[in-house]
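Undergrad: What follows is a single structure, and I will ask about it in a moment.
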Amino acid sequence: MKALASLTTVLAACAVWAGSADRGAAGPNVTVIKDATILTVSHGTIAKGSILIRDGRIAEVGPTVNVPAGALVIEATGQFVMPGIIDPHSHLAQNGGVNEGSLAVTSMTSVEDFIDPTDVDIYRELAGGVTTTATLHGSANPIGGTGAVIKLRWGQDAKGLLFTGARPGLKFALGENPKHVRAQERYPGTRMGVEDVIRQSFTEARIYAREWDEYRKRSGAGDKTAMPPRKDLKLEPLAEVLRGERLTFVHAYRADEMLMMMRVADDFGFKVNSFEHALEGYKIARELAAHGAVASTFSDWWSYKVEAYDAIPYNAALMTRKGVLVSINSDSAEEARHLNQEAAKCVKYGGLSEAEALRLITLNPAKQLKIDDRVGSIDAGKDADLVVYDRHPLSVYAVPQKVLIDGQVYFDIQKDQEMRKRMAEERKALEEKDRQTREKERPCPPGKPGGGDAVKDTTRTEVPPQGDEGE
Amino acid sequence: MKFLRMQSKSPLLAGCFMLVITILMLPAAARRAAGEEPPVFAIMNAKVIPVSAPAIEKGTVVIRDGIIEAVGADVPIPGDARVIDAAGLVLYPGLIDGLTDTGLEEAQTASQTPAPSRVPGPPAPAPAAPQQQPDLSPDERQGVTPYRQAADLLNPGSKKIESSRAAGITTALVAPRGGTFTGQCSLINLAGAEAGGMILKTPVAFSISLASSRGFGKGYPSSPMGVLALVRQTLLDAQRYSKAWSIYNANPGARRPEHSRALEALQPLMRQQVPAIFPADSPTEIQRVLDLAAAFKISVILSSGMEAGKIASVLRERNVPVLLSVKYPEREKDADPEGREELTALRRRVEAPACAAALAKAGVKFAFQSGDMANPKDFIRNVARAVEAGLDRDIAVRALTLTPAEIFGVADRVGSIEKNKTANLILVTGDIFDADTRVKYVFVDGRMFDITEPDTRRERDAEPSGPPDPGSSRGLHAPQD
Numbered sequence: 004m005k006a007l008a009s010l011t012t013v014l015a016a017c018a019v020w021a022g023s024a025d026r027g028a029a030g031p032n033v034t035v036i037k038d039a040t041i042l043t044v045s046h047g048t049i050a051k052g053s054i055l056i057r058d059g060r061i062a063e064v065g066p067t068v069n070v071p072a073g074a075l076v077i078e079a080t081g082q083f084v085m086p087g088i089i090d091p092h093s094h095l096a097q098n099g100g101v102n103e104g105s106l107a108v109t110s111m112t113s114v115e116d117f118i119d120p121t122d123v124d125i126y127r128e129l130a131g132g133v134t135t136t137a138t139l140h141g142s143a144n145p146i147g148g149t150g151a152v153i154k155l156r157w158g159q160d161a162k163g164l165l166f167t168g169a170r171p172g173l174k175f176a177l178g179e180n181p182k183h184v185r186a187q188e189r190y191p192g193t194r195m196g197v198e199d200v201i202r203q204s205f206t207e208a209r210i211y212a213r214e215w216d217e218y219r220k221r222s223g224a225g226d227k228t229a230m231p232p233r234k235d236l237k238l239e240p241l242a243e244v245l246r247g248e249r250l251t252f253v254h255a256y257r258a259d260e261m262l263m264m265m266r267v268a269d270d271f272g273f274k275v276n277s278f279e280h281a282l283e284g285y286k287i288a289r290e291l292a293a294h295g296a297v298a299s300t301f302s303d304w305w306s307y308k309v310e311a312y313d314a315i316p317y318n319a320a321l322m323t324r325k326g327v328l329v330s331i332n333s334d335s336a337e338e339a340r341h342l343n344q345e346a347a348k349c350v351k352y353g354g355l356s357e358a359e360a361l362r363l364i365t366l367n368p369a370k371q372l373k374i375d376d377r378v379g380s381i382d383a384g385k386d387a388d389l390v391v392y393d394r395h396p397l398s399v400y401a402v403p404q405k406v407l408i409d410g411q412v413y414f415d416i417q418k419d420q421e422m423r424k425r426m427a428e429e430r431k432a433l434e435e436k437d438r439q440t441r442e443k444e445r446p447c448p449p450g451k452p453g454g455g456d457a458v459k460d461t462t463r464t465e466v467p468p469q470g471d472e473g474e
Numbered sequence: 002m003k004f005l006r007m008q009s010k011s012p013l014l015a016g017c018f019m020l021v022i023t024i025l026m027l028p029a030a031a032r033r034a035a036g037e038e039p040p041v042f043a044i045m046n047a048k049v050i051p052v053s054a055p056a057i058e059k060g061t062v063v064i065r066d067g068i069i070e071a072v073g074a075d076v077p078i079p080g081d082a083r084v085i086d087a088a089g090l091v092l093y094p095g096l097i098d099g100l101t102d103t104g105l106e107e108a109q110t111a112s113q114t115p116a117p118s119r120v121p122g123p124p125a126p127a128p129a130a131p132q133q134q135p136d137l138s139p140d141e142r143q144g145v146t147p148y149r150q151a152a153d154l155l156n157p158g159s160k161k162i163e164s165s166r167a168a169g170i171t172t173a174l175v176a177p178r179g180g181t182f183t184g185q186c187s188l189i190n191l192a193g194a195e196a197g198g199m200i201l202k203t204p205v206a207f208s209i210s211l212a213s214s215r216g217f218g219k220g221y222p223s224s225p226m227g228v229l230a231l232v233r234q235t236l237l238d239a240q241r242y243s244k245a246w247s248i249y250n251a252n253p254g255a256r257r258p259e260h261s262r263a264l265e266a267l268q269p270l271m272r273q274q275v276p277a278i279f280p281a282d283s284p285t286e287i288q289r290v291l292d293l294a295a296a297f298k299i300s301v302i303l304s305s306g307m308e309a310g311k312i313a314s315v316l317r318e319r320n321v322p323v324l325l326s327v328k329y330p331e332r333e334k335d336a337d338p339e340g341r342e343e344l345t346a347l348r349r350r351v352e353a354p355a356c357a358a359a360l361a362k363a364g365v366k367f368a369f370q371s372g373d374m375a376n377p378k379d380f381i382r383n384v385a386r387a388v389e390a391g392l393d394r395d396i397a398v399r400a401l402t403l404t405p406a407e408i409f410g411v412a413d414r415v416g417s418i419e420k421n422k423t424a425n426l427i428l429v430t431g432d433i434f435d436a437d438t439r440v441k442y443v444f445v446d447g448r449m450f451d452i453t454e455p456d457t458r459r460e461r462d463a464e465p466s467g468p469p470d471p472g473s474s475r476g477l478h479a480p481q482d
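Going line by line, the protein sequences match chains A and B.
Residues in the first sequence are numbered consecutively from 4, following this note's numbering.
Residues in the second sequence are numbered consecutively from 2, following this note's numbering.
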């Protein structure tokens, strides 16, 4: 099932590097998507409708819209438009290592520093309909680094990808990963230890915040002897969590560890924003709903480790029925390319409605990331982040034809073909240039000194001159 | 010198090595008595490329006591000069390697350069083992050693000094290695009996490595994210350090801050008196460094910069110089023969030599660095590839001589052939970027080295106690008046 969609995107992704003119070039600021089936996600389906986009925002959506002169019109008869998919948990576009696993607490590290706009998976996921993703620190330690929310504006630089206004988050991890990583050399080695590390850290953060408050009070009162405390990059994000300014993303599988984390949060007076994976969430759906924690899970990905054995594909549906806000995340650059199919599975298992299923990958993750005022549904005023599918997106045969972010077309399956051609030409030219360079370096006139040359040339003669052309 | 070379191969012979060091420490007067002071040379009939002025087709350069005394087409030959008829040869300023560890590579192995007063014995422990330094927090202890200075770690007997010099490099900026704040870079001349005499300027810059060399599970930081967090925390601590001390000094009654060797050492960086050298290649990496520098208001020199051409306008705008590496990426030696090289890798490899031309076009100030290449002869050869890829020859020569001197603040002393400048010169057989051109003579601080003989083992016959005597028979390859 995954194969079809991913095959398409794998092929498409080969085409990424061709001319930057095609990558999110500034088009006309008014666009109309015409006569498509519009899955608004927030207010039902419009069987045949249009969307007016102005300056990157949805200006109008309905059975008919006013088409201004000079607007770029995308004819979409027979096609389906849905909000851009939001992946609330990935490690996309990072080149900073994903995990700083050396210490139990690495909240001083920041994924945002290491956004790699050239990561080809950005384009691949874009081709799978993803427009926004939360790219997070890994789960090697009880408290990891801070994450980033990005839009997949392929072709922009690192800062150009950032979802401005998205609230900052901090990664936590419970269970096997933080206790197994370097269990021999690094505390904690048990779930008990994980809890201890988290409690200890928040206690430190409280003291830290108090020191700063005291300093501000003293220096504000004109006390010249007041000494500023050390600004601690590790404790700052934790203090922000305590002040309710930073979202917590808690990697967790088992019901008991999620209950533990909610108790810790209650004790320290903050909210768990979301449990990531939460495969046993169905066991404690009432408690999750009462705390207000989002459960961001997989549809049917399971059994890859002991703590993932008690998973059931009904998890998302059961939690939804108990009033938990549920999202489906990818945690993988492959899975992210067919999140629409992952949502579809929740129709099959647990009987969610089509709209409920689509919300798992659009409006719900938008709410989880506190960006639902901007994205997540097709409503006037929201960012024009849209996917045009050739079939209903809950069909396994559905393939994204165009993906828009801020009203700009960032993926177009037709242009993708042209880019592939250009890329093949570029490769040919580069290989030719490379061959010429090596040719030029090869001849070594007799009597020319330099031991280094001789060694290199010996190697070269073993390679047939046309050796790399038969690839 | 042969003796010395043997030492460097075996740390176990550190004792003998120290004996050499002791001899090298002879006072200057004793060396003068031994006839080691550079004499007077007159290089005649050479094509002179002063870099700071137009080429002289047939010129004379007079060197006295290590300093250029006269340059011109019509310069009288002093009576006491040893004359070198350089007809058919081209005289360039000595080349400057913008960043390397030449001269340190042996000093930083197990046999650390011992203190001269130490009696021969087992190798001394690393003098600046990062773990042993008191810092503000355990996180900072590893790799934060900004107080180390390359000048203090220099090994004048390093083999690489000799091989670099033979490749025409007379001057190099050397950076201590290891950790994150690896230390302070020193500009050295690549010849000398003792380290102290080789130093042109120190410190020139702080060296900050962003590489996470430790790897997963080997302590903090183990990832690029961790390294950057460590850098940022250290700079924050350095900011607070100066603030805390000024509060303390101005206000009796204030709590006394703790002294920190590392944070104390970083103050010239925070005050913009000394810049920091950061390695970065891709536009994203470079932008990251520029953002960090802007956030902490430190001046920055970019190192490596393999793809700096793509972000050249930003570098120009921010006035950030680049020490461009010419150790170009190569195709993986053990790559799958059936496999197809990734387009991005192919592009990076094929386009690397064109980076210099792009920087020049945008008006970015750049110098070349060897980038720790194994064979120093590749230095000129690879710069020649940049010329083939479109870099103007004169700009290329300048980026090997006067431009680095400007970047390092020593343009009044080295980098061009001018009166009163240090006599760092190279005599070569033709245009420096022609494939057939060979380095024949190298002058460092007015001392002549004959490079003609390719077999370096036969090049030296001087006693192990010092640099080759310029008056010895090795100089006789040059026709004498």
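Quick reminder that beta carbons are idealized off the backbone N, C-alpha and C, glycines included.
No experiment lies behind these values; they were computed from the predicted model shown.
How would you list, in chain order, the residues of chain B whose beta-carbon sits under 9 Å from the beta-carbon of A/Ser142?
TA: Neighbours of A/Ser142 on chain B: none; closest Cβ ~14 Å, over 9 Å.
Undergrad: Output yes if chain B places a C-beta closer than 7 Å to the C-beta of A/Ala50; else output no.
TA: No, its Cβ sits nowhere closer than 7 Å to a Cβ of chain B.
Undergrad: Could you say which of A/Val33, A/Leu42, A/Arg60 lies nearest to A/Asp376 if we only look at CA atoms?
TA: The residue with the shortest Cα to Cα distance from A/Asp376 is A/Arg60.
Undergrad: Taking just the CA atoms, how far does B/Ala71 sit from B/Glu419?
TA: Their backbone Cα atoms lie some 7 Å apart in a straight line.
Undergrad: At a Cβ threshold of 7 Å, is B/Ala255 touching chain A?
TA: Yes, because at least one Cβ of chain A sits closer than 7 Å to the Cβ of B/Ala255.
Undergrad: Taking B/Val445 as the reference, give the member of B/Ala346, B/Asp292, B/Ala173 with the closest Cα.
TA: With distances taken between Cα atoms, B/Val445 lies closest to B/Ala173.
Undergrad: Are the Cβ atoms of B/Leu201 and B/Val411 separated by less than 7 Å?
TA: Closer than 7 Å, so yes.
Undergrad: Taking Cβ-Cβ distances shorter than 8 Å, what residues in chain A pair up with B/Ala245?
TA: By Cβ distance, chain A contributes Met230, Pro231.
Undergrad: Tell me, please, whether the CB atom of A/Leu236 is closer than 7 Å to any CB atom in chain B?
TA: Taking Cβ atoms only, chain B reaches closer than 7 Å to A/Leu236, which makes this a yes.
Undergrad: Within 7 Å of any Cβ in chain B, is that where the Cβ of A/Lys220 sits?
TA: No, no contact with chain B.
Undergrad: What does A/Ala161 reach in chain B if we use C-beta pairs closer than 7 Å?
TA: Within 7 Å Cβ-Cβ: Thr285, Gln288.
Undergrad: Residues in its own chain within less than 8 Å of B/Ile302 by CB, not counting five upstream and five downstream?
TA: Closer than 8 Å at the Cβ level, and outside the excluded window around B/Ile302, lie Ala206, Pro276, Ala277, Ile278, Phe279, Val321, Pro322, Val323, Leu324, Ile408.
Undergrad: On the three-pair Cβ rule with 8 Å, is the region 215 to 230 of chain A touching the region 254 to 273 of chain A?
TA: The region 215 to 230 of chain A, when compared against the region 254 to 273 of chain A, does not touch it at the 8 Å Cβ threshold.
Undergrad: Can you tell me whether A/Met46 is buried or exposed, with buried defined as 16 or more other CB within 10 angstroms of its CB?
TA: Residue identity check: residue 46 of chain A is His in the sequence provided, not Met. Result: exposed.
Undergrad: Can the beta-carbon of A/Pro240 be found less than 7 Å from the beta-carbon of A/Thr300?
TA: Result no, Cβ atoms of A/Pro240 and A/Thr300 do not sit closer than 7 Å.
Undergrad: At which residues does the alpha helix (DSSP H) containing A/Phe271 begin and terminate?
TA: 258 to 271 is the span of the alpha helix (DSSP H), which, as asked, contains A/Phe271.
Undergrad: Along chain A, in chain order, which residues have C-beta atoms closer than 7 Å to that of B/Gln234?
TA: Met111, Leu236, listed in chain order.
Undergrad: Taking Cβ positions, are A/Gly131 and A/His395 nearer each other than 7 Å?
TA: Cβ atoms of A/Gly131 and A/His395: not closer than 7 Å.
Undergrad: For a minimum of 3 consecutive residues, which ranges assigned as the beta strand (DSSP E) are wholly contained in the region 123 to 171 of chain A?
TA: Runs found: 133 to 138, 146 to 149, 151 to 154.
Undergrad: If I'm right that A/Leu363 touches A/Val329 with Cβ under 8 Å, what's the distance once you round it to whole angstroms?
TA: Right, their Cβ atoms sit about 6 Å apart.
Undergrad: Consider the Cβ of A/Arg249: report whether some Cβ of chain B lies at a distance smaller than 7 Å.
TA: It does not; no Cβ of chain B falls within 7 Å.
Undergrad: Where B/Pro354 and B/Pro55 are concerned, what is the direct C-alpha to C-alpha distance, given to the nearest angstrom?
TA: If you take the alpha carbons of B/Pro354 and B/Pro55, they lie about 27 Å apart.
Undergrad: Name the two residues that bound the continuous beta strand (DSSP E) containing B/Thr171.
TA: Counting along the chain, the beta strand (DSSP E) containing B/Thr171 begins and ends at 170 to 175.
Undergrad: What residues in its chain sit with their C-beta under 8 Å from that of A/Gly147, if we drop five residues either side in the sequence?
TA: Cβ neighbours of A/Gly147 beyond the five flanking positions: Asn102, Glu103, Thr109, Ser110, Thr112, Leu139, His140, Gly141, Leu173, Lys174, Phe175, Ala176.
Undergrad: Sort out for me which residues DSSP pairs B/Asp451 with in a bridge.
TA: Beta-bridge pairing links B/Asp451 to B/Tyr442.
Undergrad: What residues are listed by DSSP as bridge partners for A/Arg57?
TA: According to DSSP, A/Arg57 bridges with A/Val33, A/Arg60.
Undergrad: If we call anything under 7 Å between Cβ atoms a contact, is A/Asp388 one with A/Gln82?
TA: It is not a contact, given that the beta carbons lie outside the stated cut-off.
Undergrad: Using the Cα positions of A/Gly99 and A/Ala161, report the straight-line distance between them to the nearest angstrom.
TA: Going by the C-alpha atoms only, they are around 13 Å apart.
Undergrad: Return the bridge partner residues of B/Arg83 from the DSSP annotation.
TA: B/Arg83 pairs with B/Phe42.
Undergrad: Heavy atom of the ligand NAD less than 6 Å from the Cβ of A/Met230, yes or no?
TA: With respect to the ligand NAD, the structure shown offers nothing to examine, as it has no ligands at all.
Undergrad: Between A/Thr136 and A/Leu155, how many whole angstroms is the CB-CB distance? I'm expecting something under 8 Å.
TA: The Cβ separation is near 7 Å, so the contact holds.
Undergrad: Using the beta-carbon of each residue, which ones in chain B are nearer than 7 Å to A/Arg156?
TA: Those within 7 Å of A/Arg156 in chain B number zero; the least Cβ separation is about 14 Å.
Undergrad: Starting from the beta carbon of B/Ile248, find every residue of chain A whose beta carbon is closer than 9 Å, and list them in chain order.
TA: By Cβ distance, chain A contributes Lys227, Thr228, Ala229, Met230, Pro231.
Undergrad: Work out the CA separation of B/Pro330 and B/Ala390 for me, nearest whole Å.
TA: Rounded to the nearest angstrom, the two C-alpha atoms are 15 Å apart.
Undergrad: Does the distance from the CB of A/Ala50 to the CB of A/Thr40 come in under 7 Å?
TA: Contact flag set, yes.
Undergrad: Report the residue from B/Ala255, B/Tyr242, B/Ser300, B/Thr285 whose alpha carbon sits nearest the alpha carbon of B/Ile209.
TA: Out of B/Ala255, B/Tyr242, B/Ser300, B/Thr285, B/Ser300 has the C-alpha closest to the C-alpha of B/Ile209.
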